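Colleague:
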């Protein structure tokens, strides 16, 4: 994981966290490196990666992009593994050239949070009210 801090508007520290992760489907996996995006709902992988492991969309989901546009994504269930923790999660299938992203749904299901100071993933307990 790499954290590169910058300052937005001169005062708000922001940065990025990247992590290596695996996506499994049908007993095979693909290993990727992606951006952890706590503003993204779903984990997204490129179409070529989904094809490589036979991961096929079962649903469609409307997602809003950072620039405000809305697109339709294929949505599948795959198993995502990060730092030794592996769970089934919804995975959006992006275009072949799109960067892999770990969204907050995956972070919550795998019980991780991003430490805003270090930029690293940390384990966190599940919440039940």
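Residue numbers (the numbering used here): 241 to 369.
Ideal Cβ placement from N, Cα and C applies to all residues, glycine included.
Remember, it's a predicted structure, so these values are computed and weren't measured experimentally.
1) I'd like to confirm the pairing. Which residues does DSSP put opposite residue 260 in its beta bridges?
2) Identify which residue in 256, 279, 367, 283 has its Cα closest to the Cα of residue 322.
3) Decide if residue 274 is buried, meaning its Cβ has at least 16 other Cβ atoms within 10 Å, or exposed.
4) Nearest-angstrom Cα distance between residue 312 and residue 281?
5) What alpha helix (DSSP H) runs, 4 residues minimum, are completely inside the region 308-350?
6) State the Cα-Cα distance for the pair residue 317 and residue 339, rounded to the nearest angstrom.
7) The alpha helix (DSSP H) spanning residue 292 covers which residue range?
8) Taking the C-alpha atoms as reference points, what is the distance between residue 285 and residue 262?
9) Can you give me the C-alpha to C-alpha distance between residue 370 and residue 342, rounded to a whole angstrom?
Modeller: Short version:
1) Along the chain shown, read from residue 1 onward, the residue named residue 260 stands at position 20. Looking at the DSSP output, residue 260 bridges to 273.
2) Stepping through the chain shown from its first residue, residue 322 is reached at position 82. That would be 283, whose Cα lies nearest to the Cα of residue 322.
3) Indexing the chain shown from 1 puts residue 274 at position 34. It is buried - the Cβ of residue 274 has at least 16 other Cβ atoms within 10 Å.
4) Residue mapping note: residue 312 aligns to position 72 of the chain shown, counting from 1. Residue mapping note: residue 281 aligns to position 41 of the chain shown, counting from 1. Answer to the nearest angstrom: the Cα atoms are 14 Å apart.
5) 344-350
6) Mapped onto the chain shown, residue 317 falls at position 77. Mapped onto the chain shown, residue 339 falls at position 99. Roughly 19 Å separates the two Cα atoms.
7) Taking the first residue of the chain shown as 1, we reach residue 292 at position 52. Taken as a continuous stretch (DSSP letters only), the alpha helix (DSSP H) holding residue 292 covers 287-293.
8) In the chain shown, residue 285 corresponds to position 45, counting from 1. In the chain shown, residue 262 corresponds to position 22, counting from 1. Cα to Cα, the separation comes out at about 10 Å.
9) Any question about residue 370 goes unanswered here, given that the chain covers just 241 to 369.
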